[in-house]
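Residue numbers (the working numbering): 4 to 78.
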Amino acid sequence: MTFENLCTSEFSVTLSGSETIGLYIALAREEESLDHHQLVALERLRAILYEYLSVEELEGIGLAYAGLIVKEGDL
4 MTFENLCTSE FSVTLSGSET IGLYIALARE EESLDHHQLV ALERLRAILY EYLSVEELEG
64 IGLAYAGLIV KEGDL
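Dropping the structure here:
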């Protein structure tokens, strides 16, 4: 497969909730510097999270995720 073919392909990925949140946070932190493709990915992740979380929960997701990471001992 060439790079061009890869760029026009579509993929499905299964992620856990915490993986989805982690990716969302990483992209959201850099939102100002993201290119078009990265912004689309961020918006897709944001839409998924809005299906399950309130606006208030999404606004506080960074702290909740940090607590999860500390609890799991990943820091």
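Idealized CB from N, CA, C, for every residue including glycine.
Please read these numbers as outputs of a predicted model, since none were measured by experiment.
Give me the Cα-Cα distance between Ile72 and Leu9, rounded to the nearest whole angstrom.
33 Å
Compare the C-alpha of Val16 against each of Leu48, His40, Met4 and Ala67 and name the closest.
Nearest option by C-alpha distance: Leu48.
Please state if the CB of Tyr53 and the CB of Leu61 are separated by a distance shorter than 9 Å.
yes
My assumption, with CB atoms under 8 Å, is that Leu45 sits in contact with Leu30. Please give the rounded CB distance.
4 Å
Which residue marks the beginning of the alpha helix (DSSP H) containing Ser21, and which one marks its end?
Gly20 to Arg32
Classification of Tyr27 by the beta-carbon crowding that lies within 10 angstroms, buried from 16 upward:
buried
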